[in-house]
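S.K.: Under the numbering used here, the sequence shown has 78 at position 64, and the numbering climbs by one with no breaks. C-beta atoms are modelled at their ideal positions from N, C-alpha and C, and glycine is treated no differently. This one's a predicted model, so the numbers in the text were calculated from it and none came from an experiment. Handing you this structure, nothing more for now.
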Amino acid sequence: MIAANGHPHFNEKVLIWDGFLDTLEGTNTWTGVPATKMLIAQAIEDNIDDSELDPCTKGVLDKLKLLSQNDIASIFEKFGLPTNSTYNLKIISGITNSPVALADTRKISKNNYLITMSNAFINGTSNNLNRPTDLSIALLLIHELIHAHFFALYDDFYNNGNVCAYDQYDCLYENYVTKNYSGTSDVQHAQMFDNYIPKIAAVLEEFKPGLTSQYYEDLAISSMYGLQYYNDKYPAGSAARVRIENNRLAEDNNTTRGAATPKGTSCN
Numbered sequence: 015m016i017a018a019n020g021h022p023h024f025n026e027k028v029l030i031w032d033g034f035l036d037t038l039e040g041t042n043t044w045t046g047v048p049a050t051k052m053l054i055a056q057a058i059e060d061n062i063d064d065s066e067l068d069p070c071t072k073g074v075l076d077k078l079k080l081l082s083q084n085d086i087a088s089i090f091e092k093f094g095l096p097t098n099s100t101y102n103l104k105i106i107s108g109i110t111n112s113p114v115a116l117a118d119t120r121k122i123s124k125n126n127y128l129i130t131m132s133n134a135f136i137n138g139t140s141n142n143l144n145r146p147t148d149l150s151i152a153l154l155l156i157h158e159l160i161h162a163h164f165f166a167l168y169d170d171f172y173n174n175g176n177v178c179a180y181d182q183y184d185c186l187y188e189n190y191v192t193k194n195y196s197g198t199s200d201v202q203h204a205q206m207f208d209n210y211i212p213k214i215a216a217v218l219e220e221f222k223p224g225l226t227s228q229y230y231e232d233l234a235i236s237s238m239y240g241l242q243y244y245n246d247k248y249p250a251g252s253a254a255r256v257r258i259e260n261n262r263l264a265e266d267n268n269t270t271r272g273a274a275t276p277k278g279t280s281c282n
């Protein structure tokens with residue numbers, strides 16, 4: 015059964031079985047449609063549990079879901095989909111494992127992942143009373159959604175108990191790059207960069223139109239902070255790195271940072 019807007023109906027959960035996207039419509043009642051990549055990605059998006067998310071972040075998430083060209087489902091489809099099943103995502107507002115983390119993503123069990131958005135960050139902290147802008151929250155959500163998606167892909171491709179993959183984004187990122195791109199490490203990372211950055215920038219542009227392409231790209235690049243490829247491509251102290259990080263911090267802190275001023279708006 016397909017809804018008028020092209021989305022499958024969902025009541026409890028969705029399974030992929032024998033090439034079909036099967037939906038539980040009621041007690042022992044299932045409907046199935048051919049499991050295209052678009053429908054699988056849409057199923058994952060539609061099944062995101064945001065019931066424990068603060069109103070500000072939920073508003074940003076809802077807007078990301080409704081983008082016409084670059085919604086969350088399109089991100090999942092861009093980076094590939096698990097072959098054996100959909101997976102479940104829950105996003106909450108709460109306390110992150112690290113007190114300095116703006117958000118984190120954890121595996122609860124195979125095909126079940128939890129994203130925690132830091133309450134302290136979303137509401138403003140004693141060190142920064144300004145709430146982050148919607149651009150900052152959107153970028154953070156995109157980053158964590160990709161983190162969770164890499165979890166699912168890693169489970170699907172490897173599922174070998176490599177503990178680092180379940181704790182660290184950089185490990186998941188490396189595994190994804192190695193799996194999906196050929197050539198030397200530098201070539202692989204360049205290919206990933208050329209796919210990753212334009213997609214995130216396009217999402218941000220549709221989410222908040224009217225800014226320069228450089229600004230969207232800088233924010234997208236900032237989401238790679240901490241990866242070795244980022245450090246190699248943008249050495250500490252370089253003009254490009256200073257610009258990228260100042261633009262990101264201006265949105266995170268909702269205040270001027272060097273020559274950068276925030277372009278997004280905050281929840282009040």
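Could you give the C-beta distance for lysine 104 and aspartate 63, rounded to a whole number, given that I count them as a contact under 8 Å?
M.R.: If you number the sequence shown from 1, residue 104 lands on position 90. If you number the sequence shown from 1, residue 63 lands on position 49. That belief holds up - the Cβ atoms of lysine 104 and aspartate 63 are roughly 4 Å apart, short of 8 Å.
S.K.: Per DSSP, what kind of secondary structure is proline 69 in: helix, strand or coil?
M.R.: The residue labelled residue 69 in the question sits at position 55 within the sequence shown. DSSP places proline 69 in helix when its eight states are reduced to three.
S.K.: Where do the N-terminal and C-terminal ends of the alpha helix (DSSP H) with serine 88 fall, by residue?
M.R.: Taking the sequence shown and counting its residues from 1, the one referred to as residue 88 is at position 74. Serine 88 -> alpha helix (DSSP H) spans 86–92.
S.K.: Under 6 Å Cβ to Cβ from asparagine 126, same chain only, skipping five residues before and after it: list those, please.
M.R.: On the sequence shown, residue 126 is found 112 positions in, with the first residue counted as 1. So the qualifying residues of the chain are Asn102.
S.K.: By a C-beta neighbour count over all protein chains shown, 10 Å radius and 16 as the cutoff for buried, is proline 113 buried or exposed?
M.R.: Taking the sequence shown and counting its residues from 1, the one referred to as residue 113 is at position 99. It is exposed - the Cβ of proline 113 has fewer than 16 other Cβ atoms within 10 Å.
S.K.: Between the C-alpha atoms of leucine 263 and alanine 162, what's the straight-line distance to the nearest angstrom?
M.R.: Walking along the sequence shown from the start, residue 263 turns up at place 249. Walking along the sequence shown from the start, residue 162 turns up at place 148. Approximately 24 Å between the Cα atoms of the pair.
S.K.: Please report the distance separating the alpha-carbon of leucine 241 from that of glutamine 83.
M.R.: Along the sequence shown, one-based indexing puts residue 241 at 227. Along the sequence shown, one-based indexing puts residue 83 at 69. Their Cα atoms are separated by approximately 28 Å.
S.K.: Please go through the same chain and pick out, in chain order, the residues whose beta-carbon is closer than 7 Å to the beta-carbon of leucine 153, but skip the five residues on each side of it.
M.R.: Looking up residue 153 in the sequence shown gives position 139. Answer for leucine 153: Leu218, Leu233, Ser237, listed in chain order.
S.K.: How far does the beta strand (DSSP E) with isoleucine 106 in it reach, from first residue to last?
M.R.: As a working mapping, residue 106 is identified with position 92 in the sequence shown. Per DSSP, isoleucine 106 belongs to the beta strand (DSSP E) from 102–108.
S.K.: Answer yes if the region 67–79 comes into contact with the region 127–141, meaning at least three C-beta pairs across the two stretches below 8 Å, and no otherwise.
M.R.: Touching, per the Cβ criterion.
S.K.: Let me check one thing: in DSSP terms, what residues is tyrosine 127 bridge-paired to?
M.R.: Mapped onto the sequence shown, residue 127 falls at position 113. In the DSSP output, where bridge partners are listed per residue, tyrosine 127 has Leu103, Lys121.
S.K.: With distances taken between CB atoms, is the gap from leucine 294 to isoleucine 86 smaller than 8 Å?
M.R.: Beyond the ends of the chain as shown, which are 15 and 282, falls residue 294; an answer cannot be given.
S.K.: Can you grab the Cα-Cα spacing for the pair glycine 251 / threonine 100, in whole Å?
M.R.: In the sequence shown, the residue the question calls residue 251 occupies position 237. In the sequence shown, the residue the question calls residue 100 occupies position 86. Distance between the alpha carbons of glycine 251 and threonine 100 is about 42 Å.
S.K.: Classify glutamine 228: buried if its beta carbon has 16 or more other beta carbons within 10 angstroms, exposed otherwise.
M.R.: Your numbering for residue 228 matches position 214 in the sequence shown. Exposed.
S.K.: DSSP beta-bridge partners for arginine 271?
M.R.: Indexing the sequence shown from 1 puts residue 271 at position 257. DSSP, once it has assigned bridges, lists Ala274 as partnering arginine 271.
S.K.: I'd like to know whether the C-beta atoms of alanine 286 and asparagine 261 end up nearer to each other than 8 Å.
M.R.: This structure cannot settle anything about residue 286, because the visible part of the chain is limited to 15 through 282.
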